[in-house]
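So the protein lines, in turn, are chains S and W. Note that our numbering has the first sequence beginning at 970, numbered continuously upward. Note that our numbering has the second sequence beginning at 970, numbered continuously upward. Glycine included, every Cβ here is placed at the ideal spot set by N, Cα and C.
Number of protein chains: 2
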Amino acid sequence: MLTKRQLFILEAIIDGYTKTAEAVGSRSISKREDVSYSPATVRNEMADLETLGFLEKPHSSSGRIPSNKGYRYYVDHLLLPRRVSESDIVDIRQLFADRITETEDVIRKSAEVLSDLTSYISVALGPDAFNTKLKHLQIVPLYESTAVAVLVTDTGSVEHRQITLPEGLEAQELEKVVRILNDRLQGVPLIELNKALYQEVASVMEQHLSQHMDVMHSLENALHTDKSEKVYYGGKTNLLSQPEFKDVDKVRSLLELLEKDEQMHQLMVPTQSGITVKIGEENDIEAFEDVSMITATYQIGGKPVGTIGILGPTRMEYSRVIGLLQYLTHDLTKMLTSWHHRE
Amino acid sequence: MLTKRQLFILEAIIDGYTKTAEAVGSRSISKREDVSYSPATVRNEMADLETLGFLEKPHSSSGRIPSNKGYRYYVDHLLLPRRVSESDIVDIRQLFADRITETEDVIRKSAEVLSDLTSYISVALGPDAFNTKLKHLQIVPLYESTAVAVLVTDTGSVEHRQITLPEGLEAQELEKVVRILNDRLQGVPLIELNKALYQEVASVMEQHLSQHMDVMHSLENALHTDKSEKVYYGGKTNLLSQPEFKDVDKVRSLLELLEKDEQMHQLMVPTQSGITVKIGEENDIEAFEDVSMITATYQIGGKPVGTIGILGPTRMEYSRVIGLLQYLTHDLTKMLTSWHHRE
DNA sequence: ATTAGCACTCAATTTAACCGAGTGCTAAAT
DNA sequence: ATTTAGCACTCGGTTAAATTGAGTGCTAAT
């Protein structure tokens, strides 16, 4: 078990390294006003903390930096979320004050605000297609054989897809189709729509429609939803101002990874609700060796449906970021849930 | 007037510098198999080309690199678009083979292909809101006071906006509104819809509708279109592999600029049709000092409506890029025009 | 007009010297 | 048994000098 003084020193080092990105020496700690013991004492403690694996030295005669294990200990035992500052609150409130009406927009804006406030990279995932259900479907004919399918989901978002209708489908037949679809498919998760189309709708269609084969084919396109959600980013270039990324190659491997939506998606899939902190190699991805990711889920009606998070250097301000994320997801959840229950 | 040999040497230097990103020396040119004169001769020619302003030296004892004036001359007089290679054709065809149904998608995909093929950054602008006209409008009610407005444009693209309807508007009244709108607003450019709403529709509305004030207010949101088009990018990280951008600060100022959609939009507004080449400071933007931008317009029904282009280091492969852009915009134009004329 | 020859230039690389922040360890002080 | 002063030692970073080599400009010979 760590002594009180060891804890203090560990925290001091994490603090100092977070601010300067440079290894912290014994003298600088000893000089603090709230510290009464000498550099030598600090050094002894440091040596102990190092053998315990919480600290490490970039080279033999340098000060100490926190190891990933040190960060992990800090996050698990020491850290308490910083209260969100007044000015941050203003910025976030601002976000929800703009009257935005689409889920996507809120998520995207949230990511922007978050990266602006933190100077790190923000990542956000919209409501999961697994949890998003069809609420209402409408097909608007445009030209003779072209139409738009408008899908309204229970998360309050709206999507449209252009589709081709079979030649010579009567307007009133189309109406019938739409009625059947709404009747059978409401409440079905988006990604299962196509499956449900065949399981639930096909037979009914057959009974009522002569062109049922052609129609089914058209609908397949209308109802297809990609599993992979879009990933939203904010402040991708923020990385470039961090001293640990003055090396272009590192930046590149990271930014290239961010282009791969599927991978990022996987990393962020909402698991347990609440805040998750992944430090360095805990992310299980090589390019993420020197970064940490803090994610938080937001919920709709009590169910976690999406994720929003921050990607920053391992020496990021955990306490502040966690505070911000808690605050933001709380508001997000409230807002989205209220939308969801309107009607 | 430049002699034949001078032209040859200019081209050789541009060529060499494009490939290696290093200043080209006299000896390396003289050693080429198709060159029979000595390094000294080459040096004399180089000196002349330098006083003419087509070449410059990074430092007094180095080889030559093309000046921006040199590139300009090359582009204007020497360059002939390289024939697009077979494998490039395959990739582009592939793009148009996927059945895509939305203008936006094609543009975005085009940008992707282009950056993949060139390893530069691609930039694309969707059809201009000035030239895009309303073709058809539909309002789909969702819940009691929420609805979706679906706008179909003459470029074949579809947009939706969520709007709030006045309390207690009867379905049949809504139908009337939609009919009036379609009647009066078809063919109006998107950005002028709101103006037209008041000029053309207000009075009619007043005659037929009790709640006309409230309705008008709702419609304002439905019909508002941002002037600034979205800008699509491909391969933003490609920049990071170019040797001239191993300096993080340069990269940052550039990437930050790319986040500013309005500015990029301005740079790319389709002016004359065809290919435009802007070299270095010709772009009138500080961050673009070391890059060139080649843009091409695509058309719908003979009218240039959008732009797609490439952003690369000044030493980029002009000839190849221009070839590619010509090929791609030609296909784009054909495809979009055919969509546009379907009906 | 062309080219061989040579002195010269200058960025880039290597080498050496030095500085200073910081450590570990020992022995004295508390 | 802690704590601390003291000191030798380490090592990255910086600066300065030396070396290298690709390339030039100019002159005189072809």
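Who are the neighbours of residue i on chain S, taking C-beta pairs under 9 Å?
i, result
"W/Arg-1001", "Neighbours of W/Arg-1001 on chain S: none; closest Cβ ~33 Å, over 9 Å."
"W/Val-1260", "None at all; the shortest Cβ gap to chain S is about 16 Å."
Anyone know if the C-beta pair for residue i and residue j falls short of 8 Å?
i, j, result
"S/Pro-1050", "S/Ile-1248", "no"
"S/Val-1246", "S/Tyr-1287", "yes"
"W/Lys-1078", "W/Ile-1069", "yes"
"W/Glu-1198", "S/Gln-1131", "no"
"W/His-1309", "W/Asp-1074", "no"
"W/Ala-1080", "W/Ile-1277", "yes"
"W/Val-1119", "W/Tyr-1202", "no"
"W/Thr-1283", "W/Tyr-1040", "yes"
"W/Asp-1045", "W/Leu-1293", "no"
"S/Gly-1204", "S/Ser-1114", "no"
"W/Val-1274", "W/Gln-1268", "yes"
"S/Ile-983", "S/Val-1011", "no"
"S/Ile-1149", "S/Thr-1194", "no"
"W/Leu-1047", "W/Leu-1094", "no"
"W/Pro-1035", "W/Leu-1021", "no"
"W/Ala-990", "W/Glu-1213", "yes"
"S/Asn-1037", "S/Glu-1228", "no"
"S/Val-1170", "W/Gln-1107", "no"
"W/His-1234", "S/Val-1127", "no"
"W/Leu-1103", "W/Leu-1154", "yes"
Classify residue i: buried if its beta carbon has 16 or more other beta carbons within 10 angstroms, exposed otherwise.
i, result
"W/Arg-974", "exposed"
"W/Gly-1243", "exposed"
"S/Ser-1322", "Nothing about residue 1322 of chain S can be reported from this structure: the residues present for chain S run from 970 to 1312 only."
"S/Asn-1207", "buried"
"S/Leu-1301", "buried"
"S/His-1105", "buried"
"S/Tyr-986", "buried"
"S/Leu-1305", "buried"
"S/Gln-1168", "exposed"
"S/Asn-1013", "exposed"
"S/Tyr-1042", "buried"
"W/Val-1238", "exposed"
"S/Gln-1211", "buried"
"W/Ala-1367", "With chain W covering only 970 through 1312, there is no way to say anything about residue 1367 of chain W."
"S/His-1177", "exposed"
"S/Glu-1312", "For S/Glu-1312, the predicted model reports a pLDDT of 46, less than 50, meaning its position is unreliable and no value from the coordinates is stated."
"W/Arg-1289", "buried"
"W/Thr-1101", "buried"
"W/Val-1059", "exposed"
"S/Ser-1030", "exposed"
"W/Ala-1265", "buried"
For residue i, return the contacting residues in chain S, with the cut-off set at a CB-CB distance below 7 Å.
i, result
"W/Lys-1215", "Val-1217"
Identify the contact partners of residue i in chain W, using a Cβ-Cβ distance below 9 Å as the criterion.
i, result
"S/Asp-1220", "Sequence check: residue 1220 of chain S is Val here, not Asp. Within 9 Å Cβ-Cβ: Thr-1206, Leu-1209, Val-1217 and Val-1220."
Can you list the residues of chain S that residue i reaches, using a CB-CB cut of under 8 Å?
i, result
"W/Val-1119", "Val-1109, Val-1117, Val-1119 and His-1129"
Contiguous alpha helix (DSSP H) assignments of at least 4 residues, all confined to the region 1029–1068 of chain S: 1037–1042 and 1055–1066
Cβ-based contacts, 7 Å cut-off: residues of the region 1099–1112 of chain W near chain S: His-1105, Gln-1107, Val-1109, Leu-1111 and Tyr-1112
Against chain W: residues of the region 1224–1246 of chain S by CB proximity under 8 Å: Leu-1224, Glu-1225 and Glu-1228
Inside the region 1221–1281 of chain S only - beta strand (DSSP E) runs reaching at least 3 residues: 1244–1248 and 1260–1269
3-residue-minimum beta strand (DSSP E) runs that sit fully inside the region 1107–1191 of chain W, ordered along the chain: 1115–1122 and 1127–1133
Alpha helix (DSSP H) segments (min. 4 residues) lying fully within the region 1066–1098 of chain W: 1072–1087
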